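**Student:** What follows is a structure written as C-alpha cells; I'll ask about it next.
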Amino acid sequence: LPLAAPPKEPVLMCRSNNYPKGFYCSWHLPSPTYIPDSFNISVIHGTREMVCEKDIFPKNRCHIRYIQLFSTVKYKVTLTVTNALGKSSTTLTFDEFAIVKPDPPENVVAKPVPNNPRRLEVSWQNPSSWPDPESFPLKFFLRYRPLILDQWQHVELSDGTSHTITDAYAGKEYIIQVAAKDNDIGTWSDWSVAVHATPWTEEPKHLTTEAQVT
C-alpha cells in the first residue's frame with residue numbers, strides 16, 4: 001500500500017472565460033496523499049472577502065461573480081489544503097483584466113470556393129460562453145497550412161467571423177484553426193478544433209473516342 005503523506009503545495013489557476021460576469025478558480029494536488037484532504041479557498045478583493053461558489057462537478061472548481069467592474073484593485077486568492085498529516089497553501093494575486101481568456105471559437109467550417117483553385121472560405125462562431133460580444137467584442141487569429149508543410153500561415157482579424165484564404169495551394173488539403181481574444185484585455189484562447197478542407201479543383205475532362213466503323 002502507498003504511504004500516506006502530507007499535501008504538497010497545491011496548483012491553483014484562475015481564469016475568466018465569460019467576462020464581464022466573473023471568473024473561476026480550479027486546483028489540484030501535484031501528487032496524491034492517499035488520505036482524505038480538505039480544501040479551503042479564500043478570495044479577497046481589497047478589503048472585501050468574496051464568496052467562491054463551489055461547483056458540483058468538477059469538485060475542484062468554484063466561481064466568483066464580479067461585483068465591481070473595471071476595478072484596479074487586485075484580487076488575492078489563497079487555497080489551503082489540509083489532511084491528518086499536515087497542510088499546505090498557495091496564493092495568487094492578479095487584476096481582473098489579466099485572467100481574461102475566452103474559450104476557443106466554435107463551429108469552425110472551411111469550404112472550397114467554386115471555380116477558385118486557390119481559395120478557401122472559413123467561418124466560425126463566438127464561443128457560446130462569451131456573454132456579450134456586442135459590448136465586449138472579440139478579435140480572432142486564424143492559422144492554416146497544407147498538410148504537406150509544417151509552417152503555419154497566420155491572419156489576425158479585428159472583427160467579423162469569417163475569412164477567405166486566397167493563397168492556398170491548388171489541390172492540397174489544408175488544416176485550419178481559429179483563436180479568440182477580447183479586443184483590449186487578457187490573452188488569446190486556445191486553438192479551436194482543427195478542420196480540414198481542399199480548394200476546388202477542376203474535374204478532368206474525359207476524352208471520348210468514337211469507335212471506328214469498319
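At position 150 of the sequence shown the residue is numbered 150 (full-length UniProt numbering), and the sequence of numbers has no breaks.
Every residue, glycine too, gets a C-beta built ideally from N, C-alpha and C.
All values reported here derive from a predicted model rather than from experimental measurement.
1. Can you check the segment 1-39 for any beta strand (DSSP E) of at least 3 residues that lies completely inside it and give the ranges in chain order?
2. In chain order, what residues of the same chain lie with their CB nearer than 7 Å to the CB of I148, ignoring the 5 residues before and after it?
3. Does W191 come out as helix, strand or coil in the three-state DSSP assignment?
4. Residue 240 bridges to which residues according to DSSP?
5. Where does I185 fall in DSSP's three states?
6. Quick one: residues in its chain with C-beta nearer than 7 Å to the C-beta of V11, no 5 flanking neighbours on either side, listed in chain order?
7. Contact between the segment 84-97 and the segment 147-166: three or more CB pairs below 8 Å?
8. Residues in its own chain within less than 7 Å of L79 by CB, not counting five upstream and five downstream?
9. Between the Cα of P199 and those of T161, D190 and R145, spot the shortest distance and give me the residue it belongs to.
10. For F136, does the three-state DSSP call read helix, strand or coil?
11. Quickly, what does DSSP pair S42 with across the bridge? List them, please.
12. When the Cα of D95 is compared with those of D103, V77 and A110, which residue comes out closest?
13. Rank G186, G22, S128 and P112 by C-alpha distance to the C-alpha of V195 and give the top, closest one.
**Tutor:** Let me lay it out:
1. 11-15 and 22-28
2. K172
3. coil
4. Outside the displayed span of the chain (1 to 214) sits residue 240, for which this structure offers no information.
5. coil
6. W27, H28 and P30
7. no
8. P10, L12, W27, F39, I41, S89 and T90
9. R145
10. coil
11. T78
12. V77
13. P112
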